[in-house]
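A.B. asks: Going by this note's numbering, the first residue of the sequence shown is number 12, and it counts up by one from there. Cβ atoms here follow ideal geometry from the backbone N, Cα and C, with glycine treated the same way. Note that this is a predicted model, so its numbers are computed, not measured.
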Amino acid sequence: AQTSGGAGSSPGADATHAVFNYANLKDNMDGDEHLMSEIIKMFLEAWPQYLADIAGAVEAKDADRLMRCSHRLKGSALNACADEIASALLALEMMGKRGEVESAADVYDSLNDKFTRYNKETAAAGLQLSTGTDGRKNSTGETR
12 AQTSGGAGSS
22 PGADATHAVF
32 NYANLKDNMD
42 GDEHLMSEII
52 KMFLEAWPQY
62 LADIAGAVEA
72 KDADRLMRCS
82 HRLKGSALNA
92 CADEIASALL
102 ALEMMGKRGE
112 VESAADVYDS
122 LNDKFTRYNK
132 ETAAAGLQLS
142 TGTDGRKNST
152 GETR
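(1) Using a Cβ-Cβ cut-off of 8 Å (strictly less than) and excluding sequence neighbours within five positions of M40, which residues of its own chain qualify?
(2) Pull up the DSSP beta-bridge partners for A93, would you.
(3) Count Cβ pairs between the segment 115-133 and the segment 80-100 that sit closer than 8 Å; are there 3 or more?
(4) Output the residue ranges of the alpha helix (DSSP H) runs that lie fully inside the segment 71-145 and measure 4 residues or longer, sorted by chain position.
(5) For A115, which residues of its own chain have a beta-carbon under 7 Å away from its beta-carbon, when the five flanking residues on both sides are left out?
(6) Anyone know if the C-beta pair for E8 and V30 falls short of 8 Å?
(7) Output yes or no for whether 8 Å exceeds the beta carbon distance between A99 and L62.
(8) Does DSSP put M53 in a helix, in a strand, or in coil?
(9) With 16 other CB atoms within 10 Å as the buried threshold, where does K85 fall?
(10) Mapping DSSP to helix, strand and coil, what is G67?
(11) Between the alpha carbons of K91 and E111, how many angstroms are there, rounded?
(12) Please classify A71 as buried or exposed, where buried requires at least 16 neighbouring CB atoms within 10 angstroms.
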């Protein structure tokens, strides 16, 4: 039996622990799987730099920077329907806003696990674009 979160899970994912909200992304993109894949690709590509920025803010105990960097990545996460990641980023953003950077490390540490799960869920849904040497291949691996 599915829980109330089941409608948003990716195909084959454990509905109670899905990081990727497949149903919302499909609805937001009017079912266009290529567009869904493009949104996911942009999020996956932006992740390393944004995460490094957040790590720097946590290490420096810079509340304003933590708030700004978390807010930026949260927007990308919401666009890609990475709901659990967006929730963690909102928590980091609010910690930064309140100047509570000491407690941010634990939330920050959870992000890589959530990202790994998101990556697996989007791949299982067949929504990650393949890339070749030119980086311009579609989701079936055909050159554009």
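C.D. replies: So, to answer that:
(1) Residue mapping note: residue 40 aligns to position 29 of the sequence shown, counting from 1. The answer, listed in chain order, is L46, M47, I50.
(2) Your numbering for residue 93 matches position 82 in the sequence shown. Answer by DSSP bridge pairing, in chain order: F31.
(3) These segments touch.
(4) 74-90, 94-109, 115-135
(5) Locating residue 115 in the sequence shown gives position 104, counting from the first residue. Closer than 7 Å at Cβ, skipping near neighbours: V69, L77, L103, M106.
(6) With the chain running from 12 to 155 in the structure shown, residue 8 is simply not present.
(7) The residue labelled residue 99 in the question sits at position 88 within the sequence shown. The residue labelled residue 62 in the question sits at position 51 within the sequence shown. No, the Cβ-Cβ distance between A99 and L62 is not below 8 Å.
(8) Residue mapping note: residue 53 aligns to position 42 of the sequence shown, counting from 1. Reduced to three states, the DSSP call for M53 is helix.
(9) Position 74 of the sequence shown holds residue 85. Counting Cβ neighbours within 10 Å, K85 comes out buried, since at least 16 surround it.
(10) Here residue 67 is taken as the residue at index 56 of the sequence shown, counted from 1. Reduced to three states, the DSSP call for G67 is helix.
(11) On the sequence shown, residue 91 is found 80 positions in, with the first residue counted as 1. On the sequence shown, residue 111 is found 100 positions in, with the first residue counted as 1. Lys is not the amino acid found at residue 91; the sequence shown has Ala there. So the two alpha carbons sit approximately 27 Å from each other.
(12) Residue 71 sits at position 60 when you count from the first residue of the sequence shown. Label assigned to A71: exposed.
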